[in-house]
Amino acid sequence: MLRTILIWGLVGGVIVAGLMQLSLIVITDHGAASMWLGYLTMLIALSTIAVGVKQYRDQTGGGVITFWRGLVIGLGIALVAAIIYAAAWEAYLAISGKDFIGEYNASMIAKATAEHASAAQMAEIRAQAAQFEAIYANPLMRFGMTMAEMLPVGVVVALVTAVLFRNPRFLPAKDPIGAAA
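Numbering (this note's numbering), first residue to last: 972 to 1152.
Written as structure tokens, this is what we have:
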């Protein structure tokens, strides 16, 4: 089980890290489109949960897996992928020297200004931005926050996968060629 978790978690982590790096090169806006693209890349990468659970069910479980075992495998894959995702984000920040949080806060303030926020609202937004920047400056907090972006998606995918694959008739294992002779 650990081997399956590590292999498919690594594959999912590499996929999400690669797609994240690609999107950071292509997209410079930190708006809603960027957020949706980020979650789409996470879903694509976390499809490895289904692949890993199916492989384990078919090869190790003889075509059968319990909900709980499927869930544990799925959560393990999601955790490994999230660790790689967060490490890739840290590497990006270190290598690029980009002030992501400064740019993010500036865009939030610019959005509030464009929406004609009151002086009190602007003061509150600036205070929240300063607080968020202070928290984000701590590498351990930033790493945890980055993992927290991906883990809820992983939990949902793992739950759905465990429910589906506990039924041995859902995408059943194929007989090897010549086995039906």
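Heads up, the beta-carbon is just placed ideally off N, CA and C, and yes, glycines get one too.
query: Short Cβ contact (7 Å threshold) for Leu1014 with Ser994; result: no
query: N-terminal and C-terminal residue of the alpha helix (DSSP H) that Met1116 is part of; result: 1110-1136
query: From Leu1122, Arg1140, Arg1028, Pro1139, residue whose alpha carbon lies closest to that of Leu1017; result: Leu1122
query: Coarse secondary structure for Met972, derived from DSSP in three states; result: coil
query: Secondary structure of Gly1149, DSSP reduced to three states; result: Bear in mind that the predicted position of Gly1149 carries a pLDDT of just 47, short of 50, making it unreliable; the figure below should be weighed with that in mind. Gly1149 falls in the coil class under three-state DSSP.
query: Span of the alpha helix (DSSP H), counted from its first residue to its last, around Ile1072; result: 1071-1085
query: Buried versus exposed call for Ile976 [16 or more other C-beta atoms within 10 Å across all chains shown]; result: buried
query: Leu1130 versus Gly1033: straight-line alpha-carbon distance, rounded; result: 21 Å
query: 8 Å Cβ shell around Val1035 - same chain, five flanking residues per side excluded; result: Arg1028, Pro1139
query: Reference Glu1061; option with closest CA among Ala1077, Thr1117, Leu1142; result: Thr1117
query: Residues near Val1134 by beta carbon distance below 7 Å, same chain, minus five either side; result: Phe1038
query: Alpha-carbon to alpha-carbon, Ile978 and Ala1021; result: 13 Å
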